[in-house]
Amino acid sequence: MKNSQDKKQKDLSINISDSTNKFLTTNQGIRVNDDNNTLKAGERGPSLLEDFILREKITHFDHERIPERVVHARGSGAHGFFEVTNPIPELTKAGFLQEVGLTTPVFTRFSTVAGSRGSTDLARDVRGFSVKFYTQEGIYDFVGNNIPVFFIQDASKFPDLVHAVKPEQHNEIPQASSAHDTFWDFISLMPESMHMIMWLMSDRAIPRSYRMMEGFGVHTFRLINEAGESTFVKFHWKPKLGTHAVAWDEAQKISGKNPDFHREDLYEAIEMGNFPEWELGVQIIPAEDEEKYEFDLLDPTKIVPEELVPVTIVGRMVLNKNPDNFFSETEQIAFHPGHVVPGIDFSNDPLLQGRLFSYTDTQLTRLGGPNFHEIPINRSIAPVHNNQRDGFMRQEINKGRVNYHPNSLGGGCPYQAQISEGGFTSFPERIEAHKVRERSKSFSDHFGQAKLFFNSQTPEEKSHIVKALRFELGKVDTTAIRLRMLGLLAQVDTELAQKVAIGLGATVPTNLEFPVNKGVSPENEGGDQEPKTVEQSVSLSEALSMINNPTNSTTIESRRVAILCSDGVSEAAVMNIKSALKKEGAKGFVIAPHLGSVLTDSNGALTADYTFLTASSVLFDAVYVPHGLGLSVLTENDDALEYLNDAYKHCKIIGADGEASELFTATTFASKVANDDGGIIVSNEVASEAFAQAFITAMTKHRFWKREPNLYI
Ligand code: HDD
1 MKNSQDKKQK
11 DLSINISDST
21 NKFLTTNQGI
31 RVNDDNNTLK
41 AGERGPSLLE
51 DFILREKITH
61 FDHERIPERV
71 VHARGSGAHG
81 FFEVTNPIPE
91 LTKAGFLQEV
101 GLTTPVFTRF
111 STVAGSRGST
121 DLARDVRGFS
131 VKFYTQEGIY
141 DFVGNNIPVF
151 FIQDASKFPD
161 LVHAVKPEQH
171 NEIPQASSAH
181 DTFWDFISLM
191 PESMHMIMWL
201 MSDRAIPRSY
211 RMMEGFGVHT
221 FRLINEAGES
231 TFVKFHWKPK
241 LGTHAVAWDE
251 AQKISGKNPD
261 FHREDLYEAI
271 EMGNFPEWEL
281 GVQIIPAEDE
291 EKYEFDLLDP
301 TKIVPEELVP
311 VTIVGRMVLN
321 KNPDNFFSET
331 EQIAFHPGHV
341 VPGIDFSNDP
351 LLQGRLFSYT
361 DTQLTRLGGP
371 NFHEIPINRS
381 IAPVHNNQRD
391 GFMRQEINKG
401 RVNYHPNSLG
411 GGCPYQAQIS
421 EGGFTSFPER
431 IEAHKVRERS
441 KSFSDHFGQA
451 KLFFNSQTPE
461 EKSHIVKALR
471 FELGKVDTTA
481 IRLRMLGLLA
491 QVDTELAQKV
501 AIGLGATVPT
511 NLEFPVNKGV
521 SPENEGGDQE
531 PKTVEQSVSL
541 SEALSMINNP
551 TNSTTIESRR
561 VAILCSDGVS
571 EAAVMNIKSA
581 LKKEGAKGFV
591 IAPHLGSVLT
601 DSNGALTADY
611 TFLTASSVLF
621 DAVYVPHGLG
631 LSVLTENDDA
641 LEYLNDAYKH
651 CKIIGADGEA
661 SELFTATTFA
671 SKVANDDGGI
681 IVSNEVASEA
691 FAQAFITAMT
701 KHRFWKREPN
711 LYI
């Protein structure tokens, strides 16, 4: 197979419009002579209905909005390519996974789930991770999340989950937040959500960047090889930049300072040539191992621990081009887990099975009809021929008389493909069963893997989970809901429940009932469907911790450093750190009292990138105070001082050289500088290489969480 990396861009190019040096026209191509005044009966008279230019312009504007996605409304995307590094033809016949070096164009969209289109990027939420592969055999959509499990086991609960987490129906409050009564009411009655809740309350739900998140297919899928044999598979995306988070207080402040933080981060990284990259990995589970584990492979609230089945890397994805138009591309792209190519198939996971219905259905409302596959961003680069016809906004002009199959008048065309010609066939799994509305008993362990996740966290990460739960449940008004949640948390870890209870001023209840499970399976009331904890064969998995994650990267590529400057600042010091950062692919920004020039100690001038007011510490990874920054700048300017105080609070790297470290006396952490565990770098020497190196080494650690009061030591 040939590389098709550029094929999608060529395909899109026929729809790209560039107005440079062109006349302004109506949609009918009539050149417009005056775009500023309506046609009137006299210059002070009423407008005339005849004004087709005005009517067309206003009518189009009136219809510019389409319904936002019912979930995952807020998102950002980019073009790129997927390249095979380790082909797996023995496992799958999917063409795009066959040869080393084979590339396939992709468009990837990241999203939050609960918020509206205009909501903040930094909400505590799951992040969507969707990749459209424009393969030569048709579209393959990977529609996953940055968390490998889900809240619920059955698709029929999805509308309930989403109603509960979205703003409450009576007052449409709160926006993009799960910290409210209806969400926790639902969760407290759904013990199956406890594993997911552990992830959602962890720092995974507040990523530093879309570029620093893992992606997971969540469900078990099937791979099918040329011989028709099937293996089970779990998909993983591993980010080259490592998996990193911000602090919760920081996330909330970013939401105010720059709600587009993740969108801008992705856009700018690509514009600057720092192309984000992920490796695609697979966990392969042979068909005969389907029932080997203490969890059910079909249960989407379970992972397959990497200690049981390692992740094998098969390829890499690079995002290297921003969309030309957000609406046309990022907004109109339509993903569907049911878009698969020969070689990939579904499992019977009841959540996946429901999804297979939902995604086309939702596009009918969102994109207005059944021809959404013709929108340029959704168009396959593999030829499309069938007998589907008509519908709103049909683009294709189908020739000939024949629009049915079988036919003789059209010579039988388009004809069906044999399997050997790439025709898709479903895996012929043998099923012999009664038609029942039941949950499998193998799905009843709701706490075993929640425990595994919690126990795999470092003390700092556990502490963050406790604080997140204190925050979320602290925003719940109904006492009974808080108590039910404490009861459920106690099933995961008693100490966790007790520590959360302290924050709520409550006591952990002991008499826990699980009403919803009785409702779900009436025949099993009180019986073997009761939620339980199953002993896990793996008791600790480092892959579940962000801090201990064995694949974590120490690069500081594309990280941002705030350099606090004022007139008289040492030019040598600023240039020293800037060039050291540049060598590592990171960037230093001059932050000053005003825009324009900052005069340096050597009579030079630095151009301010931002002022103390227009940016903020929370928008950077580290703060550097060069020699020559006047103390008065900090004492007289709260915004400037906040850079240091917030950087300390959010466990970031702080550096100062020459006399600059004296400025710490003005900060809230003055008394703690001497005891810091490596995140505060000071040097008496100005502009020293050793200082710059130490600063960069500290940045590779991302954050110094040990600075925070820790509830687990
Ligand atoms: Fe979903 C969008 C991921 C369960 C119904 N989902 C959507 C998107 C992602 C996911 C990433 C955004 C796609 C984009 O960028 O356009 N959804 C998941 C994952 C799930 C999941 C990982 C569980 C493992 N979803 C799920 C269920 C249902 C849906 C159980 C319904 C039964 N999801 C939808 C939807 C959306 C959607 C309503 C809204 C917009 C869209 O599809 O195109 O159909």
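Positions 1 to 713 (this note's numbering) are the ones given, in order, by the sequence shown. From the three backbone atoms N, C-alpha and C, an ideal C-beta is built for every residue, glycine too.
Collapsed DSSP secondary structure at residue i in the structure displayed
i: A164; result: helix
i: H79; result: strand
i: M190; result: coil
i: Y267; result: helix
i: S740; result: Past the boundaries of the shown model lies residue 740; the chain is included only from 1 to 713, so the question cannot be answered.
i: A317; result: Correcting the residue identity first, residue 317 is Met in this sequence and not Ala. Note: M317 maps to strand in three-state DSSP.
i: E277; result: strand
i: F261; result: helix
i: F23; result: coil
i: N603; result: coil
i: V590; result: strand
i: A287; result: helix
i: A155; result: helix
Candidates the options, of which the one nearest residue i by Cα
i: T607; options: F471, G128, L48, A592; result: A592
i: S156; options: K462, V402, R355, F691; result: R355
i: H262; options: Y210, F235, F221, T59; result: Y210
i: G751; options: S661, T635, P87, G29; result: Residue 751 lies beyond the stretch modelled for the chain, which goes from 1 to 713, so this question has no answer here.
i: F82; options: R204, T600, E277; result: E277
i: A205; options: S76, V218, A123, N548; result: A123
i: I152; options: L351, A562, G448, I285; result: L351
i: G118; options: E662, I147, A176; result: A176
i: E90; options: H219, M194, L161, I284; result: I284
i: R437; options: T26, F620, S17, D154; result: D154
i: E294; options: R703, V534, V574, S632; result: V534
i: H405; options: Q388, Q457, I563, I502; result: Q388
With 16 other Cβ atoms within 10 Å as the buried cut-off, status of residue i
i: H72; result: buried
i: A417; result: exposed
i: N70; result: In the sequence as displayed, the identity of residue 70 is Val instead of Asn. Per the 10 Å Cβ criterion, exposed.
i: N378; result: buried
i: M317; result: buried
i: N684; result: exposed
i: E4; result: Note that residue 4 corresponds to Ser in the displayed sequence, not to Glu. Classification of S4: buried, given that the 10 Å Cβ count is 16 or more.
i: K462; result: buried
i: E689; result: exposed
Cβ pair residue i, residue j closer than 9 Å
i: V748; j: V113; result: Residue 748 cannot be examined here, being either before or after the span of the chain that is shown, 1 to 713.
i: I577; j: V623; result: no
i: V282; j: F216; result: no
i: P67; j: H446; result: no
i: D249; j: H650; result: yes
i: G646; j: V618; result: Residue identity check: residue 646 is Asp in the sequence provided, not Gly. Yes.
i: H627; j: G658; result: yes
i: D296; j: S442; result: yes
i: G487; j: A179; result: no
i: A572; j: V686; result: yes
i: P459; j: I681; result: no
i: E168; j: P159; result: no
i: R613; j: G568; result: Before going on, a small fix: residue 613 reads as Leu here, not Arg. No, these two residues do not count as a Cβ contact at 9 Å.
i: R707; j: Y643; result: no
i: G655; j: V633; result: no
i: G391; j: G369; result: yes
i: F129; j: N146; result: yes
i: M485; j: I187; result: yes
Min CB distance residue i to chain C below 9 Å
i: A580; result: Absent from the structure: chain C. Only one protein chain is present.
Residue i: CB within 8 Å of a non-hydrogen atom of ligand 1
i: G503; result: no
i: P300; result: yes
i: L488; result: no
i: R65; result: no
i: G144; result: yes
i: F612; result: no
i: S111; result: yes
i: L352; result: yes
i: S456; result: no
i: G273; result: no
i: R355; result: yes
i: T220; result: no
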